[in-house]
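Novice: Pasting in a structure now, in structure tokens, and then I'll have a few things to ask.
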Amino acid sequence: MNKIFSNQIFRSSILIAIGLFLGWVVFHSPEKVLDTRNHEAVETKSEIWTCSMHPQIRMEKPGKCPICAMDLIQLVQSGTSGMDTEAVHFTKESAQLANVLTTIVSTQNPIKELRLFGKIQADERLLQNQVAYIPGRIEKLMVNFTGEMVRKGQPLALIYSPELVTAQQELLETAKSKEKQPEIYEAAIEKLKQWKLTDKQIGQIENSGKVQSNMEVESTANGIVTARRVNNGDYVSQGSVLYEVSDLSHVWVLFDAYESDLPFLKKGDKVEFSVQALPGIAFSGKIMFIDPVIDPVNRVAKVRLEMSNSGAKLKPEMFVTGIVKSNLDEFKDMLVIPRSAVLWTGKRSIVYVKQPGDEPIFKIREIGLGPQLGNSYVVSNGLANGEEIVTEGAFSVDAAAQLEGKPSMMNQESNTQSLTSSQSLSKTTEVQLKVSGNCDMCKDRIETAAKSVAGVVSAKWSSETKMLQVQFDDLKTNSDTIQKAIAKVGHDTENFKAQENVYKELPECCLYRK
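Count the sequence shown with my numbering and you get residues 982 to 1495, in order.
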């Protein structure tokens, strides 16, 4: 035995065997347990792959998008145990980068601001026609052009009338026997008065004892000559219009009000307006009349203000823009939120509500909206006083929700099931179309026409770029159908031109063709 243990090779073999045994005891069993645990952990963690363009796609392994054939990307799901699985979780840094701002909801006394467009018009009650009360021939016009100021009693024209000559002779003959036959004398005078001769003119004829071949036609009103209907040498009959005269000391301001604006307008409301030709000058007046009939072509009713026009600054056909601030007493003490907080998808109006706590965690909520107040909305239901909502960056929050498969403006329920390429999938398309137009009235008309097409989700037109940004479901409609609807109301598009008779019926401020 001593020889065996003294053998160097034997001792080395024993040491190696002991080392291998100890290594197996120390390292082999824990490694197996660790591998098993890691394997179990991997099995419980599922991978989800989605498309960056179509976040409704959910696959359990990488591949191609069944809609656009783009490579799928692995979805990084946020949130930890105990958090709301339907809420969108941001870090404070990512919320700042996305420019997400929040506001606490509060009750207000809503005031709706309406913007109206219109023109200055002459007061219809002050329009006068200067007519020929006797038939004859125009020998001379005293007023030769439109725009000339005339005053009551001013001579307008000289007229030769055989009937008037005969009537003067009758007056002179009856004047000789007026004491014996006063009735005949008075009848002759009355005949001349019916032809609008003044007492002064009749007295001159009687005192001179001579028949005047030409008689002056005098103005019966003050104002501006807006139209001249005759020339020298024209023959006119009794009642023929010689001039049209407008008294512009008072004018009307006529605004166009759409059907949707009429419920918020009433007589006595104050209107502040500006005139395009008089920048820097503010005007105001009260609504005196609202047309009870809607124009069947333009779908507007006229709203009238009556203004004093000293100095004749306000001239007919000038363009005006008015602002009406209407108190909505029926919505008093209701919640009001900024317009930028609301996202629309079809009939749904949604906002993102910040969850309690310091962390930026947001959850979608559908709300009911009342009337629009300029850049804000009245909330009829869905929110409570004191809640905090996203007012800037709502689209960024919604995009994060879509990428994580959580409820968003495009899908009402959380999408937890994988979709295969064999399933029929609807596709929302967003395009930009060139649409001709000028003003805010054009904007309302274009967007209303686009939204009237079934399948259109949203439409927004810019008067600066003349571009319409529209989202639609291409299983229900297409770009040509939307353009046809817009052309039908009078606006040219990229592929379709509005009919000439429809275009000519647009308000003058909306006429864009040169």
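The beta-carbon is built from N, C-alpha and C at its ideal position, and this holds for glycine as well.
Which residues bound the beta strand (DSSP E) around Pro1136?
Specialist: In the sequence shown, counting from the first residue as 1, residue 1136 sits at position 155. From DSSP, the beta strand (DSSP E) with Pro1136 extends over Pro1136 to Tyr1141.
Novice: Under the assumption that Glu1094 contacts Ile1268 (Cβ atoms under 8 Å), give the Cβ distance between them as a whole number of angstroms.
Specialist: In the sequence shown, residue 1094 corresponds to position 113, counting from 1. In the sequence shown, residue 1268 corresponds to position 287, counting from 1. Rounded, the Cβ-Cβ distance is 15 Å, inconsistent with contact.
Novice: Taking the alpha carbon of Ile1085 as the point to measure from, which residue in Val1332, Glu1385, Thr1474 and Phe1376 has its own alpha carbon closest?
Specialist: Looking up residue 1085 in the sequence shown gives position 104. If we check each option's Cα against that of Ile1085, Val1332 comes out closest.
Novice: Closer than 6 Å by C-beta to Arg1285: which residues in its own chain qualify, once you throw out the five before and the five after it? Chain order, please.
Specialist: Taking the first residue of the sequence shown as 1, we reach residue 1285 at position 304. The answer, listed in chain order, is Trp1233, Leu1235, Met1269 and Phe1270.
Novice: Who are the Cβ neighbours of Ser1307 in its own chain at under 6 Å, not counting the five residues just before and after it?
Specialist: Translated into positions along the sequence shown, residue 1307 becomes position 326. For Ser1307, where only same-chain residues beyond five positions count, the Cβ hits under 6 Å are Lys1093 and Phe1245.
Novice: Beta-carbon within less than 8 Å of Ser1218's beta-carbon, same chain only, minus the 5 sequence neighbours each way: which residues are those?
Specialist: One-based indexing of the sequence shown puts residue 1218 at position 237. The answer, listed in chain order, is Ala1113 and Pro1116.
Novice: Drop a sphere of 10 angstroms on the beta-carbon of Met1422, count the other beta-carbons inside from all chains shown, and report buried for 16 or more, exposed for fewer.
Specialist: Counting from one through the sequence shown, the residue named residue 1422 turns up at place 441. Flag for Met1422 reads buried.
Novice: Look up Ser1361 in the DSSP assignment and say whether it is helix, strand or coil.
Specialist: Here residue 1361 refers to the residue found at position 380 when the sequence shown is read from its first residue. DSSP places Ser1361 in strand when its eight states are reduced to three.
Novice: Select from Val1226, Ser1291 and Met1299 the residue whose C-alpha is nearest the C-alpha of Ala1258.
Specialist: Taking the first residue of the sequence shown as position 1, residue 1258 is located at position 277. Comparing Cα-Cα distances from Ala1258 to each of Val1226, Ser1291 and Met1299, the minimum goes to Met1299.
Novice: What is the residue span of the alpha helix (DSSP H) that Leu1078 lies within?
Specialist: Counting from 1 along the sequence shown, the entry for residue 1078 is found at position 97. Looking at the DSSP string, the run of the alpha helix (DSSP H) that includes Leu1078 is Lys1073 to Leu1078.
Novice: Go to Asp1180, then tell me how far its alpha helix (DSSP H) extends in each direction, as first and last residue.
Specialist: Counting from one through the sequence shown, the residue named residue 1180 turns up at place 199. Looking at the DSSP string, the run of the alpha helix (DSSP H) that includes Asp1180 is Asp1180 to Ser1189.
Novice: Ordered along the chain, which non-local residues of its own chain (more than five positions away) have a Cβ less than 7 Å from that of Asp1215?
Specialist: As a position in the sequence shown, residue 1215 is number 234, starting the count at 1. So the list reads Ile1119, once near-sequence residues are dropped.
Novice: So, at 7 Å on beta carbons, what are the nonlocal neighbours of Lys1121 in its own chain, with the 5 sequence-adjacent residues on each side left out?
Specialist: Counting from 1 along the sequence shown, the entry for residue 1121 is found at position 140. Ala1138, Leu1139 and Asn1213, listed in sequence order.
Novice: If you pair each beta-carbon of the region 1336-1347 with each one of the region 1307-1318, do three or more pairs fall below 8 Å?
Specialist: No, the region 1336-1347 is not in contact with the region 1307-1318.
Novice: With respect to the beta strand (DSSP E) encompassing Ile1268, which residues constitute its N-terminal and C-terminal limits?
Specialist: Translated into positions along the sequence shown, residue 1268 becomes position 287. Counting along the chain, the beta strand (DSSP E) containing Ile1268 begins and ends at Ala1263 to Ile1271.
Novice: When you compare each of Leu1295, Gly1351 and Gly1355 to Leu1364 by their alpha carbons, which one comes out closest?
Specialist: Start at 1 with the first residue of the sequence shown, and residue 1364 comes out as number 383. Nearest of Leu1295, Gly1351 and Gly1355 to Leu1364, Cα basis: Gly1351.
Novice: Quick check on Glu1094: does DSSP put it in helix, strand or coil?
Specialist: For this step, residue 1094 is matched to residue 113 along the sequence shown. Three-state result, Glu1094: strand.
Novice: Start and end of the alpha helix (DSSP H) containing Met1422?
Specialist: For the purposes of this step, residue 1422 is taken as residue 441 along the sequence shown, with counting starting at 1. Element bounds for Met1422: Asp1421 to Lys1432.
Novice: What residues are listed by DSSP as bridge partners for Asp1238?
Specialist: Within the sequence shown, the letter at position 257 stands for residue 1238. Just to set this straight, residue 1238 is Ala in the shown sequence, not Asp. Answer is Ala1282.
Novice: Label Ser1377 either buried or exposed according to how many other C-beta atoms from any shown protein chain fall within 10 Å of its C-beta, with 16 as the threshold for buried.
Specialist: Within the sequence shown, residue 1377 is the residue found at index 396, counting from 1. Per the 10 Å Cβ criterion, buried.
Novice: Taking only three categories from DSSP, how would you classify Thr1025?
Specialist: Position 44 of the sequence shown, counted from the start, is the residue given in the question as residue 1025. In this predicted model, Thr1025 has a pLDDT of only 45, less than 50, meaning its place in the structure is not dependable; the value taken from the coordinates is given anyway. DSSP places Thr1025 in helix when its eight states are reduced to three.
Novice: According to the Cβ coordinates, are Ile1370 and Val1416 closer than 8 Å?
Specialist: Indexing the sequence shown from 1 puts residue 1370 at position 389. Indexing the sequence shown from 1 puts residue 1416 at position 435. It is not a contact, given that the beta carbons lie outside the stated cut-off.
Novice: Go ahead and label Phe1126 buried or exposed: buried means 16 or more other beta carbons lie within 10 angstroms of its beta carbon, across all protein chains shown.
Specialist: Walking along the sequence shown from the start, residue 1126 turns up at place 145. Looking at its Cβ environment, which holds fewer than 16 other Cβ atoms inside 10 Å, Phe1126 is exposed.
Novice: So what does Ile1345 bridge to, in DSSP terms?
Specialist: Counting from one through the sequence shown, the residue named residue 1345 turns up at place 364. Tyr1333, per the DSSP bridge assignment.
Novice: Assuming Trp1030 contacts Lys1045 (C-beta within less than 8 Å), just tell me the rounded distance between them.
Specialist: Here residue 1030 corresponds to residue number 49 of the sequence shown, with the count starting at 1. Here residue 1045 corresponds to residue number 64 of the sequence shown, with the count starting at 1. In fact, because the Cβ distance is near 10 Å, the residues do not count as touching under 8 Å.
Novice: Among Glu1481, Ile1186, Ala1431 and Lys1485, whose alpha-carbon lies nearest the alpha-carbon of Asn1459?
Specialist: Start at 1 with the first residue of the sequence shown, and residue 1459 comes out as number 478. Looking at the Cα atoms, Ala1431 is the closest of the given residues.
Novice: Could you give the C-beta distance for Leu1108 and Ser1227, rounded to a whole number, given that I count them as a contact under 8 Å?
Specialist: Position 127 of the sequence shown, counted from the start, is the residue given in the question as residue 1108. Position 246 of the sequence shown, counted from the start, is the residue given in the question as residue 1227. About 6 Å separates the two Cβ atoms, so the contact holds.
Novice: In this structure, does DSSP put Phe1312 in helix, strand or coil?
Specialist: Taking the first residue of the sequence shown as 1, we reach residue 1312 at position 331. In this structure, Phe1312 counts as helix in the three-state DSSP scheme.
Novice: Nearest by alpha-carbon distance to Asp1052: which of Glu1067, Pro1036 and Phe1264 is it?
Specialist: Sequence index remark: in the sequence shown, residue 1052 carries index 71 (1-based). That would be Pro1036, whose Cα lies nearest to the Cα of Asp1052.
Novice: Quick one: measure Cβ to Cβ for Cys1490 and Phe1071, integer angstroms, because I've assumed they're closer than 8 Å.
Specialist: Counting from one through the sequence shown, the residue named residue 1490 turns up at place 509. Counting from one through the sequence shown, the residue named residue 1071 turns up at place 90. Not quite, the Cβ-Cβ distance comes to about 45 Å (not below 8 Å), so this is no contact.
Novice: Between the beta-carbon of Ala1382 and the beta-carbon of Val1081, is there less than 8 Å?
Specialist: Taking the first residue of the sequence shown as position 1, residue 1382 is located at position 401. Taking the first residue of the sequence shown as position 1, residue 1081 is located at position 100. No, these two residues do not count as a Cβ contact at 8 Å.
Novice: In angstroms with no decimal places, state the Cα-to-Cα distance between Gln1336 and Leu1354.
Specialist: Locating residue 1336 in the sequence shown gives position 355, counting from the first residue. Locating residue 1354 in the sequence shown gives position 373, counting from the first residue. Whole-angstrom Cα-Cα distance: 27 Å.
Novice: When we look at the beta-carbon of Ala1282 and count the other beta-carbons within 10 Å, is it buried (16 or more) or exposed?
Specialist: To locate residue 1282, count along the sequence shown from 1; it is residue 301. Buried.
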